[in-house]
Ligand code: F0G
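Written out as structure tokens, the structure reads:
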């Protein structure tokens, strides 16, 4: 029965040609890129699973919307269309467009966080935590312990541990907690959802302590789909209804529209509170643009308004998550260690189990991503110790329990055959895992180092020591 498969609810109208490369070409390319997949040229990539951000395929309706861009400096009609769509689908009354998610995080952090504050969240995200720290705050992880265990089968590994919130308020006082930040479908945990039952508890906790609740809604539709599948009370509700309910339980949202909302660029900060909206408008004109376009062109706001409506369609989201689960199932059948349950936007390879001979301070996930590219031209992303960075006070590397390589699936871009090629490549690399050696830094940027860091390969059998090289 068609409705029970994940087959795509669209057909292809235009294609982009991609290039096959030889192993020699790829060895050269990754060496030149300092063994960092962010530094590869996309021309040298066959299947690009670096990220699901800004690389999705827009629909014909979105492209038609691009032609209807009202490129007025102030008061573009596309802004009002976007604002009304956000209120209709996500409940938030006020919208401040930004060039992408981190633009919204910047404005929010500068508006609400004071020096010495603590910001609890269900696991960190790289740019989110960095903006909290820039504003003088300290991030505190309050996600359930199961989220840090790649093998736990908990259906809602994105849930908040309320006892961790209680412990924090006891330690620092509610007056030093400007807000709790919850992400839907937690990226760094492996694309894991939180449940509506848990979100309601967090809402009650925030009301009790007079603390705001901020929602990183970058992947809210994927989270809503998992709620529909796994939380019995919501089995008969549409993804659109569940998305609306999640949003209406929170006060403020930051959005990277480059993911769930199916556009190549854009984001926003949204909220209900009038005073906060005024403050955000005052800042957005300094850092992004006038409050009716933020960092976006009129045509981009139009494509986003249409993308939001498509993103909450049940058939769309079933196909989107279904494709990710298809890849995950192929790897599980072959015994490749991955984070389970499979997440909404990506399959995460467990580098600690695939490369047990490489200590974490020789960067197994970074080495695995480089090896996978060399093998196949499939580009993936490190999500382990390199992404985690250093503690801002001690300068020590954070050593996350999850040392992962993310195979991130762009929306509406690749086919089932591409997933088969990817699975076969990962399986081949896992079979020769012991031939892969660790890496050391040759260049380590101070901020968000994973984007631009460069590495060299350690010699096989080299004495493993704590990495204290170039900072
Ligand atoms: N929040 C989450 C959960 C994200 O995944 C991202 C971006 C952002 C915020 C920042 O948004 O990139 O539009 O400025 N994640 C991308 C990724 C980069 O590959 O996971 P942005």
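Numbering (my numbering), first residue to last: 37 to 507. For glycine and all other residues, C-beta sits at the position ideal for the given N, C-alpha and C.
Open item on the list: Measuring only from the beta carbon, is residue 310 closer than 8 Å to any heavy atom that is part of the ligand F0G?
Closed with: What you label residue 310 is simply residue 274 of the chain shown in a count that begins at 1. Outside the cutoff, so no.
Open item on the list: Applying the 10 Å Cβ sphere with the 16-neighbour rule, what's the burial state of residue 152?
Closed with: Position 116 of the chain shown holds residue 152. Residue 152 is exposed by the Cβ-count criterion.
- [ ] Excluding the 5 residues preceding and the 5 following residue 475 in the sequence, name in chain order all residues of the same chain whose CB lies nearer than 8 Å to its CB.
- [x] Position 439 of the chain shown, counted from the start, is the residue given in the question as residue 475. Once the five neighbours on either side are set aside, the close Cβ partners of residue 475 are 71, 398, 399, 402, 403, 406, 491, 492, 493 and 494.
Task: Per-residue burial, residue 244 [other beta carbons within 10 Å of its own, 16 or more giving buried] - done: As a position in the chain shown, residue 244 is number 208, starting the count at 1. Looking at its Cβ environment, which holds fewer than 16 other Cβ atoms inside 10 Å, residue 244 is exposed.
- [ ] Take residue 508 and list the residues in its own chain whose beta-carbon comes closer than 7 Å to its own, dropping the five residues that flank it on each side.
- [x] The first residue shown for the chain is 37 and the last is 507, placing residue 508 beyond what the model contains.
Open item on the list: Determine whether the beta carbon atoms of residue 484 and residue 166 lie at a separation below 9 Å.
Closed with: By one-based count along the chain shown, residue 484 stands at place 448. By one-based count along the chain shown, residue 166 stands at place 130. Yes, Cβ-Cβ distance for residue 484 and residue 166 is below 9 Å.
TODO: Let me know the secondary structure DSSP gives residue 268 once reduced to three states.
DONE: The residue given as residue 268 occupies position 232 in the chain shown. Three-state DSSP puts residue 268 in a helix.
- [ ] Locate the beta strand (DSSP E) running through residue 284, then write down its first and last residues.
- [x] Locating residue 284 in the chain shown gives position 248, where the first residue counts as 1. Note, residue 284: premise wrong, no beta strand (DSSP E); alpha helix (DSSP H) at 275-284.
Open item on the list: I need the residues with a C-beta less than 6 Å from some heavy atom of the ligand F0G; please give them in chain order.
Closed with: 87, 89, 136, 137, 138, 161, 163, 164, 219, 223, 252, 254, 292, 294 and 303
TODO: Consult DSSP for residue 394 and reduce its assignment to one of helix, strand or coil.
DONE: Locating residue 394 in the chain shown gives position 358, counting from the first residue. Coil.
Task: Own chain, CB closer than 8 Å to residue 520, minus 5 neighbours either side, in chain order - done: Any question about residue 520 goes unanswered here, given that the chain covers just 37 to 507.
TODO: Would you decide whether residue 141 is buried or exposed? Buried here means 16 or more other CB atoms lie within 10 Å of its CB.
DONE: If you number the chain shown from 1, residue 141 lands on position 105. Per the 10 Å Cβ criterion, buried.
TODO: Indicate whether residue 135 and residue 431 have their beta-carbon atoms separated by less than 9 Å.
DONE: On the chain shown, residue 135 is found 99 positions in, with the first residue counted as 1. On the chain shown, residue 431 is found 395 positions in, with the first residue counted as 1. Not a contact, by the Cβ cut-off of 9 Å.
- [ ] Output yes or no for whether 9 Å exceeds the beta carbon distance between residue 254 and residue 292.
- [x] If you number the chain shown from 1, residue 254 lands on position 218. If you number the chain shown from 1, residue 292 lands on position 256. It is a contact, given that the beta carbons lie within the stated cut-off.
TODO: Could you please give the first and the last residue of the uninterrupted beta strand (DSSP E) stretch that includes residue 303?
DONE: The residue given as residue 303 occupies position 267 in the chain shown. First-last of the beta strand (DSSP E) with residue 303: 303-307.
- [ ] Measuring alpha carbon to alpha carbon, tell me which of 354, 302 and 323 ends up nearest residue 333.
- [x] The residue you call residue 333 lines up with position 297 of the chain shown. The shortest Cα separation from residue 333 among 354, 302 and 323 belongs to 302.
Task: CB of residue 256 within 9 Å of CB of residue 238, strictly - done: Numbered from its first residue, the chain shown carries residue 256 at position 220. Numbered from its first residue, the chain shown carries residue 238 at position 202. For the 9 Å CB-CB criterion, residue 256 and residue 238 do not form a contact.
Task: Assigned exposure category for residue 390 - 16 Cβ within 10 Å defines buried - done: Walking along the chain shown from the start, residue 390 turns up at place 354. Buried, by the Cβ-count rule.
TODO: Starting from residue 337, follow the alpha helix (DSSP H) in both directions and report where the run begins and ends.
DONE: Translated into the one-based positions of the chain shown, residue 337 becomes position 301. Here the alpha helix (DSSP H) through residue 337 covers 334-347.
Open item on the list: Within a Cβ cutoff of 7 Å, which residues of the same chain sit near residue 44, ignoring the five residues on either side of it in sequence?
Closed with: Numbered from its first residue, the chain shown carries residue 44 at position 8. Within the same chain, residue 44 has close Cβ partners 355.
Open item on the list: Contact between the segment 437-446 and the segment 84-94 is defined here as three or more beta-carbon pairs at a separation below 8 Å; is this criterion met?
Closed with: yes
Open item on the list: Contact between the segment 223-242 and the segment 184-204 is defined here as three or more beta-carbon pairs at a separation below 8 Å; is this criterion met?
Closed with: In this structure the segment 223-242 touches the segment 184-204; the number of beta carbon pairs closer than 8 Å is three or more.
Open item on the list: So, does the segment 118-137 touch the segment 337-353, judging by three or more C-beta pairs under 8 Å?
Closed with: Touching, yes, given that three or more Cβ pairs across the two stretches are closer than 8 Å.
Open item on the list: Going by beta-carbon coordinates alone, are residue 462 and residue 360 separated by less than 9 Å?
Closed with: To locate residue 462, count along the chain shown from 1; it is residue 426. To locate residue 360, count along the chain shown from 1; it is residue 324. Note that the C-beta distance between residue 462 and residue 360 is not below 9 Å.
Task: Reference residue 60; option with closest CA among 467, 460, 477 and 413 - done: One-based indexing of the chain shown puts residue 60 at position 24. When only C-alpha atoms are compared, the closest one is 413.
Open item on the list: For residue 75 and residue 162, what's the separation of their Cα atoms in angstroms?
Closed with: Within the chain shown, numbered from 1, the residue matching residue 75 stands at position 39. Within the chain shown, numbered from 1, the residue matching residue 162 stands at position 126. Near 18 Å, if we compare the C-alpha coordinates of residue 162 and residue 75.
- [ ] Go ahead and pull the three-state DSSP assignment for residue 502.
- [x] Along the chain shown, read from residue 1 onward, the residue named residue 502 stands at position 466. Only weak support exists for where residue 502 lies, its pLDDT of 43 falling under 50; the value from the coordinates is given anyway. Residue 502: coil per DSSP, three-state reduction.
Open item on the list: Whole angstroms are fine: how far does the CA of residue 469 sit from the CA of residue 499?
Closed with: As a first step, residue 499 is located in the chain shown; it is residue number 463 there, counting from the start. As a first step, residue 469 is located in the chain shown; it is residue number 433 there, counting from the start. Low per-residue confidence applies at residue 499: pLDDT is 49, beneath 50, and the placement is therefore not dependable enough to give any value.
Open item on the list: Using C-beta distances below 7 Å, list every residue in its chain close to residue 52, excluding the 5 sequence neighbours before and after it, in chain order.
Closed with: For the purposes of this step, residue 52 is taken as the residue at position 16 of the chain shown. Within the same chain, residue 52 has no close Cβ partners at all.
TODO: Provide the residue span of the beta strand (DSSP E) that contains residue 490, from first to last.
DONE: Position 454 of the chain shown, counted from the first residue, corresponds to residue 490. Counting along the chain, the beta strand (DSSP E) containing residue 490 begins and ends at 490-493.
- [ ] Would you kindly work out how many angstroms separate the C-alpha atoms of residue 455 and residue 467, rounded to a whole number?
- [x] The sequence position of residue 455 within the chain shown is 419, counting from 1. The sequence position of residue 467 within the chain shown is 431, counting from 1. Answer to the nearest angstrom: the Cα atoms are 18 Å apart.
- [ ] Starting from the C-beta of residue 79, find all residues in its chain whose C-beta is less than 7 Å away, skip the five residues before and the five after it, and write them out in chain order.
- [x] Your numbering for residue 79 matches position 43 in the chain shown. Contacts found: 55.
- [ ] Please report how far the alpha carbon of residue 48 lies from the alpha carbon of residue 386, in whole angstroms.
- [x] Sequence index remark: in the chain shown, residue 48 carries index 12 (1-based). Sequence index remark: in the chain shown, residue 386 carries index 350 (1-based). Those two C-alpha atoms are separated by around 34 Å.
Open item on the list: Taking the alpha-carbon of residue 460 as reference, which of 408, 417, 450 and 182 has the nearest alpha-carbon?
Closed with: For the purposes of this step, residue 460 is taken as residue 424 along the chain shown, with counting starting at 1. Among 408, 417, 450 and 182, the Cα nearest to that of residue 460 is on 408.
Task: Of the residues 486, 357, 393 and 415, the one placed nearest residue 421, counting alpha carbons only - done: Taking the first residue of the chain shown as position 1, residue 421 is located at position 385. Considering only alpha carbons, the answer is 486.
Task: 9 Å Cβ cutoff met for residue 98 and residue 319 - done: Looking up residue 98 in the chain shown gives position 62. Looking up residue 319 in the chain shown gives position 283. No.
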